[in-house]
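What follows is a set of notes on a single structure, which appears directly below.
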Amino acid sequence: MKKIALSLAALVATSAVAGTITLYQDKDTGAIYTKPGPNRVSLGEFISKDEVYKTTQEIQENMKKEIKATTVFSKVPKLKINGLHYLGYHYTDYDDEARDDRSAFETRRNYFQVQAFWDKHDYVRLTLDTRQLNNGDWITRLKYAYIYLDNILPYTGVEFGQVHRAWIDYEEHHGWLYRSISETFVETHNAARVIDSASLGANFVTKTNYFTSQIALVNNGGYHSIKRGTGQSIDWRFTYEAFGTGRKHVHATSDEWLNFSFYGRYLTGTDNGYGKDTMTGFHAAYNNPMFLIAGHWMKDDNDGGPHDGKGWSVNGELRPVPKWSILARYDHWKVTPTSNLDYTKKNLIAGVAYTYNKNVKFIANVDKYTDNQPDVNNDKMEYLLTAEVKW
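What follows is the structure, encoded as structure tokens:
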């Protein structure tokens, strides 16, 4: 029976470009024919002439488009190209009346990424970004440039080049999902500001269902900093994936996860004049399609340097109806800089997000920042409207 069905399907497909199909059936045997004959009755036209003509025209038009398309040559069998843009409006209301408020449209990030795969799992990645200088000029900046080799150790691959640092990228996919309006707690100037998301070095990535980790040896200053000294940073993240999602690419609106992480950094030798820069942190996150809640505690010992401090952060997201989300976050960071002048940063974010389609999300939020530095007033209220665009 399958052979008969396949034969008929092939017959229909072949005849679609030739004209109308009229089928005939033998009254006694039930056999199907394409021509009339004795003891045969017509079963009718199975594909109309109009439909055949329409289909033929569509095929011809598509062939013309393919012929006119630009040919892309590569020495690898597969190229993956995508982009990510944070476009928005930003109004800053300073508490200090001596400072001028600021109103501006902006592009906060413009990532362009190419991955070249020579097999299913191994590839090279290049990610570029744009940045506006103080004189107004725009420049292109390198964010990531590394080769990834899978399974060089059991369940473990390695990034080599300008790579991810061990913590921030993981939090952006499992804890704080709104990088377009604020960096994570450990990176933002409104809180800890102790580490960047990328640096030059090697990053070993391990993934199993219930345990994931990253161990990296990188330049401590990150990709924004000029390397000075002989010291290197050992970064780490060890995560227990309680629901077995460690090897899965999770989606916040459809997946459930619970994870507990221990992360940090240890500086070996000296870098930029500092011989100590030890970061340790603990993080937990729970997500289901209705809501997300996450938080962590972290401290950094920079031996009197600008990274000295400790603090905590908590954030959540509620998804009451499809496509809509309510989000909030609070950061609390106690700073101990070189001057031995202690002060505390407090940062509160609240907003609402609307998913327009799979490529575009709109976010409106406020960000209230305060600190208690004596003789300095950095307090401000920020209002942001953001379009997060992926393609």
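Each residue of the sequence shown is one higher than the one before, counting from 13 in our numbering.
Virtual Cβ for every residue (Gly too), placed ideally from N, Cα, C.
Given the structure is predicted, the values throughout are model-derived calculations rather than measurements.
(1) Check whether the segment 380-396 and the segment 229-241 touch, using three or more Cβ-Cβ pairs below 8 Å as the test.
(2) Under a Cβ-count criterion, where at least 16 other Cβ atoms within 10 Å of its own Cβ denotes burial, should residue 95 be classed as buried or exposed?
(3) Straight-line CA distance for residue 367 to residue 264?
(4) How big is the Cα-Cα spacing for residue 155 and residue 177?
(5) List in chain order: all unbroken beta strand (DSSP E) runs of 3+ residues lying wholly within the segment 260-348.
(6) Helix, strand or coil for residue 104? Go by DSSP, reduced to three states.
(7) My output table needs one value for residue 231: the three-state DSSP class, helix, strand or coil.
(8) When you compare the CB positions of residue 289 and residue 204, do they come within less than 9 Å of one another, or not?
(9) Assign residue 55 to buried or exposed, taking buried as 16 or more other Cβ atoms, counted over all protein chains shown, within 10 Å of its Cβ.
(10) Please confirm whether residue 140 and residue 304 have their CB atoms less than 9 Å apart.
(11) Can you give the Cα-Cα distance for residue 404 and residue 215, rounded to whole angstroms?
(12) If the criterion is Cβ atoms closer than 9 Å, does the pair residue 100 and residue 119 meet it?
(13) Count the other C-beta atoms from every protein chain shown that fall within 10 angstroms of the C-beta of residue 42, then say buried if there are 16 or more, exposed otherwise.
(14) I think residue 404 touches residue 280, with their Cβ atoms under 8 Å apart; what is that distance to the nearest whole Å?
(15) Considering only the alpha carbon of each residue, which of 221, 231 and 88 lies closest to residue 252?
(16) In the DSSP assignment, what residue or residues form a beta bridge with residue 126?
(17) For the candidate residues 53, 361 and 206, whose alpha-carbon lies nearest to that of residue 277?
(18) Can you tell which of 376, 384 and 349 has the C-alpha that lies nearest to the C-alpha of residue 357?
(19) Under 8 Å by Cβ, that's how I've got residue 371 and residue 402 pegged, so tell me the actual separation to the nearest angstrom.
(20) How close, in whole Å, do the beta carbons of residue 306 and residue 339 come, if the pair is a contact with beta carbons under 8 Å?
(21) Just verifying my parser: in three-state terms, what is the DSSP assignment at residue 182?
(22) Can you tell me whether residue 116 is buried or exposed? The criterion is at least 16 other CB atoms within 10 Å of its CB, across all chains shown.
(23) Our contact map puts residue 249 next to residue 158 with C-beta atoms below 8 Å; I'd like the distance itself, whole angstroms only.
(24) Using the Cα positions of residue 397 and residue 363, report the straight-line distance between them to the nearest angstrom.
Short version:
(1) no
(2) Residue mapping note: residue 95 aligns to position 83 of the sequence shown, counting from 1. Flag for residue 95 reads exposed.
(3) Sequence index remark: in the sequence shown, residue 367 carries index 355 (1-based). Sequence index remark: in the sequence shown, residue 264 carries index 252 (1-based). Answer to the nearest angstrom: the Cα atoms are 12 Å apart.
(4) In the sequence shown, the residue the question calls residue 155 occupies position 143. In the sequence shown, the residue the question calls residue 177 occupies position 165. Residue 155 and residue 177: Cα-Cα distance of roughly 12 Å.
(5) 269-280, 290-300, 303-313, 321-330 and 336-347
(6) Along the sequence shown, read from residue 1 onward, the residue named residue 104 stands at position 92. Note: residue 104 maps to strand in three-state DSSP.
(7) Position 219 of the sequence shown holds residue 231. Coil, per DSSP.
(8) Mapped onto the sequence shown, residue 289 falls at position 277. Mapped onto the sequence shown, residue 204 falls at position 192. Cβ atoms of residue 289 and residue 204: not closer than 9 Å.
(9) The count along the sequence shown starts at 1 and reaches residue 55 at position 43. Residue 55 should be labelled exposed.
(10) Residue numbering aside, residue 140 sits at position 128 when the sequence shown is read from its first letter. Residue numbering aside, residue 304 sits at position 292 when the sequence shown is read from its first letter. No, Cβ-Cβ distance for residue 140 and residue 304 is not below 9 Å.
(11) In the structure displayed, the chain extends from 13 to 403; residue 404 sits before or after that span and is not available.
(12) Looking up residue 100 in the sequence shown gives position 88. Looking up residue 119 in the sequence shown gives position 107. Yes, the pair counts as a contact, with Cβ atoms nearer than the cut-off.
(13) Taking the first residue of the sequence shown as 1, we reach residue 42 at position 30. Per the 10 Å Cβ criterion, exposed.
(14) Past the boundaries of the shown model lies residue 404; the chain is included only from 13 to 403, so the question cannot be answered.
(15) Counting from one through the sequence shown, the residue named residue 252 turns up at place 240. Looking at the Cα atoms, 221 is the closest of the given residues.
(16) Reading the sequence shown from its first residue, position 114 is the one you call residue 126. For residue 126, which the question treats as bridged, DSSP gives the partners 93 and 138.
(17) The residue labelled residue 277 in the question sits at position 265 within the sequence shown. That would be 206, whose Cα lies nearest to the Cα of residue 277.
(18) Here residue 357 refers to the residue found at position 345 when the sequence shown is read from its first residue. Nearest of 376, 384 and 349 to residue 357, Cα basis: 384.
(19) What you label residue 371 is simply residue 359 of the sequence shown in a count that begins at 1. What you label residue 402 is simply residue 390 of the sequence shown in a count that begins at 1. About 5 Å separates the two Cβ atoms, so the contact holds.
(20) On the sequence shown, position 294 is the one that residue 306 refers to. On the sequence shown, position 327 is the one that residue 339 refers to. The pair is not a contact, with the Cβ atoms about 11 Å apart (cut-off 8 Å).
(21) For the purposes of this step, residue 182 is taken as the residue at position 170 of the sequence shown. Three-state result, residue 182: helix.
(22) Taking the first residue of the sequence shown as 1, we reach residue 116 at position 104. It counts as exposed.
(23) On the sequence shown, position 237 is the one that residue 249 refers to. On the sequence shown, position 146 is the one that residue 158 refers to. At roughly 17 Å, the Cβ-Cβ gap does not stay under 8 Å, so residue 249 and residue 158 are not in contact.
(24) Here residue 397 refers to the residue found at position 385 of the sequence shown. Here residue 363 refers to the residue found at position 351 of the sequence shown. One C-alpha to the other measures close to 10 Å.
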